[in-house]
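Quick notes on the structure that follows.
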Amino acid sequence: MDLLNTLVDKGLRRELPTREEALAVLATSDDDLLEVVAAAGKVRRQWFGRRVKLNYLVNLKSGLCPEDCSYCSQRLGSKAEILKYTWLKPDEASKAAAAGVAGGAKRVCLVASGRGPTDRDVDRVSETIEAIKEQNEGVEVCACLGLLSDGQADRLRSAGADAYNHNLNTSEGTYGDITTTHTYADRVETVHQAQAAGLSACSGLIAGMGESDADLVDVVFSLRELDPDSVPVNFLIPFEGTPLAKEWNLTPQRCLRILAMVRFVCPDVEVRLAGGREVHLRSMQPLALHLVNSIFLGDYLTSEGQAGQADLDMIADAGFEVEGAGTTTLPAHRAQSSGGCGSHDGGCTPCGDASGEAGEATDCGTSEEATASGVPAARTDLVAVRRRGAGTDLAPNA
Ligand code: SF4
Numbered sequence: 001m002d003l004l005n006t007l008v009d010k011g012l013r014r015e016l017p018t019r020e021e022a023l024a025v026l027a028t029s030d031d032d033l034l035e036v037v038a039a040a041g042k043v044r045r046q047w048f049g050r051r052v053k054l055n056y057l058v059n060l061k062s063g064l065c066p067e068d069c070s071y072c073s074q075r076l077g078s079k080a081e082i083l084k085y086t087w088l089k090p091d092e093a094s095k096a097a098a099a100g101v102a103g104g105a106k107r108v109c110l111v112a113s114g115r116g117p118t119d120r121d122v123d124r125v126s127e128t129i130e131a132i133k134e135q136n137e138g139v140e141v142c143a144c145l146g147l148l149s150d151g152q153a154d155r156l157r158s159a160g161a162d163a164y165n166h167n168l169n170t171s172e173g174t175y176g177d178i179t180t181t182h183t184y185a186d187r188v189e190t191v192h193q194a195q196a197a198g199l200s201a202c203s204g205l206i207a208g209m210g211e212s213d214a215d216l217v218d219v220v221f222s223l224r225e226l227d228p229d230s231v232p233v234n235f236l237i238p239f240e241g242t243p244l245a246k247e248w249n250l251t252p253q254r255c256l257r258i259l260a261m262v263r264f265v266c267p268d269v270e271v272r273l274a275g276g277r278e279v280h281l282r283s284m285q286p287l288a289l290h291l292v293n294s295i296f297l298g299d300y301l302t303s304e305g306q307a308g309q310a311d312l313d314m315i316a317d318a319g320f321e322v323e324g325a326g327t328t329t330l331p332a333h334r335a336q337s338s339g340g341c342g343s344h345d346g347g348c349t350p351c352g353d354a355s356g357e358a359g360e361a362t363d364c365g366t367s368e369e370a371t372a373s374g375v376p377a378a379r380t381d382l383v384a385v386r387r388r389g390a391g392t393d394l395a396p397n398a
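The sequence shown lines up with residues 1 to 398 when you count with the UniProt record's numbering.
See the structure below:
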């Protein structure tokens, strides 16, 4: 297919595709899916080989957020029956992080619900970062605490944070439809602050919120312009008890096309498969490894992922390898230009990103395969609220 040859050539040269080319990837048919994956896979292997970076989420503070992000189980007014707790103590967070590191994670993502941290919160997180770094040699730490105020990014960097995550989530044009309590511009500003402080920026999106193909291309082109080191791609987990509970819009094939488009637009950036992978890709998850070079290990912020060992088995069975602690994630040209954090990338799903949402694990009577009309079926049976790890007495999944 001419389109795919063009996109591979551009990806190998780190050249930006046109908007039309990106839209055309999303418009390919299921019959062409394997060709699309193979083409984007060539770009992925050029910059990242067959390595898969593992990242581990620690939810430092869960629920009770005053913001109204409609995709988020922790939002104001959410009825999702998620775990709710206030700040973990540094040793509790460090213990949770150690489980992820023992499972193979190279980066720990410290996430807290809320609009943004107070200076006291930055102190707390700084203590936590120091405890994790002391007890887990070589681990990368990414903070994800919401909108930053002046000076906070510098303080996190001084405390040892390697990266900061804050997602754009959706296009500028539709941002106001999903959140009213802060703006798209607020989010961009926080990513800029992180970059200015020398933190490796991580910023991504959530697909499946009812957006158009043009919206998806818009947000991915905006991310390319923002130039983060890592781009997490979340697939909406439509939690019961949130405004988007009925938004079951994704098929495994659609998810793969979205990931391929992101890879073509951001060829040499760490593309991370984030929340919703088990729910929406299901048995097609291994194909996504040909597109992304990074995933989360184990559970998400408020929902459970598949068993950590299943993640490791999937990577090995698909012919990929877990990226070791001594390996630099980013290609040399990016690692050198990335503010002091070349070997770190990735990030967490920002507070509230889809990977953090929770929905209720309902016993659904509605979980079936795709319907005859071609509309994806709701797979509420696959959504499980996290009941283990941080904030509980049970061992984490790693
Ligand atoms: S995404 Fe973050 S800011 Fe938005 S409601 Fe969820 S926890 Fe709050």
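Ideal Cβ placement from N, Cα and C applies to all residues, glycine included. The model shown is predicted, which means the values in this text are computed figures rather than measured ones.
Val231 versus Leu83: straight-line alpha-carbon distance, rounded: Within the sequence shown, the letter at position 231 stands for residue 231. Within the sequence shown, the letter at position 83 stands for residue 83. Roughly 27 Å separates the two Cα atoms.
Entirely enclosed beta strand (DSSP E) segments - the segment 131 to 197, minimum 3 residues: 140 to 144 and 163 to 165
Reduced DSSP category for Cys202 - H, G, I as helix; E, B as strand; rest coil: Here residue 202 corresponds to residue number 202 of the sequence shown, with the count starting at 1. If DSSP states are grouped into helix, strand and coil, Cys202 belongs with the strands.
Three-way DSSP call (helix, strand, coil) for Lys246 in this model: Taking the first residue of the sequence shown as 1, we reach residue 246 at position 246. Residue state, collapsed to three classes: coil.
Boundaries (first-last residue) of the beta strand (DSSP E) holding Glu304: The residue labelled residue 304 in the question sits at position 304 within the sequence shown. Segment: none, Glu304 is in no beta strand (DSSP E) and carries neither H nor E.
Endpoints, beta strand (DSSP E) assigned at Cys109: Residue numbering aside, residue 109 sits at position 109 when the sequence shown is read from its first letter. First-last of the beta strand (DSSP E) with Cys109: Arg107 to Ala112.
Val271, DSSP secondary structure in three states: Mapped onto the sequence shown, residue 271 falls at position 271. In the structure shown, Val271 sits in a strand (DSSP, three-state: E or B).
Reference Glu15; option with closest CA among Pro252, Pro267 and Ser78: By one-based count along the sequence shown, residue 15 stands at place 15. Checking every option, the nearest Cα to that of Glu15 belongs to Pro267.
Opposing strand residues paired with Tyr56 [DSSP bridges]: Numbered from its first residue, the sequence shown carries residue 56 at position 56. Bridge partners of Tyr56: Val108.
Complete alpha helix (DSSP H) runs within the segment 286 to 328 (minimum length 4 residues, chain order): 308 to 317
Ser230 - containing alpha helix (DSSP H), residue span: The count along the sequence shown starts at 1 and reaches residue 230 at position 230. That residue, Ser230, is in no alpha helix (DSSP H); its beta strand (DSSP E) goes Ser230 to Phe235.
Beta-carbon spacing of Gly146, Gly114 below 8 Å: Against the sequence shown, residue 146 aligns to sequence position 146. Against the sequence shown, residue 114 aligns to sequence position 114. Inclusion of Gly146 and Gly114 in the CB contact set at 8 Å is warranted, their separation being smaller than that value.
Cβ neighbours of Val219 in the same chain (closer than 6 Å, five flanking residues each side left out): Here residue 219 corresponds to residue number 219 of the sequence shown, with the count starting at 1. The residues are Leu168, Thr170, Ser171 and Leu205.
Where Arg51 sits in the DSSP three-state scheme: By 1-based counting over the sequence shown, the position of residue 51 is 51. Strand.
Contacting residues, own chain, Cβ-Cβ under 6 Å from Pro117 (five flanking each side not counted): Taking the sequence shown and counting its residues from 1, one reaches residue 117 at position 117. Only Leu145 meet the Cβ criterion.
Member of Leu60, Gly100 and Glu137 whose CA lies at the smallest distance from the CA of Val122: As a first step, residue 122 must be located in the sequence shown, where it is residue number 122. Checked all of Leu60, Gly100 and Glu137; the closest Cα to Val122 is Leu60.
Distance cut-off 7 Å: Cys69 Cβ against heavy atoms of ligand 1: Reading the sequence shown from its first residue, position 69 is the one you call residue 69. Taking 7 Å as the cut-off, the C-beta of Cys69 counts as close to a heavy atom of ligand 1.
Proximity below 8 Å, CB of Leu216 to CB of Arg157: Against the sequence shown, residue 216 aligns to sequence position 216. Against the sequence shown, residue 157 aligns to sequence position 157. Cβ atoms of Leu216 and Arg157: not closer than 8 Å.
Cα-Cα separation between Val58 and Asp2, rounded to whole angstroms: Working through the sequence shown from its first residue, we reach residue 58 at position 58. Working through the sequence shown from its first residue, we reach residue 2 at position 2. If I take the Cα positions, the gap works out to 44 Å.
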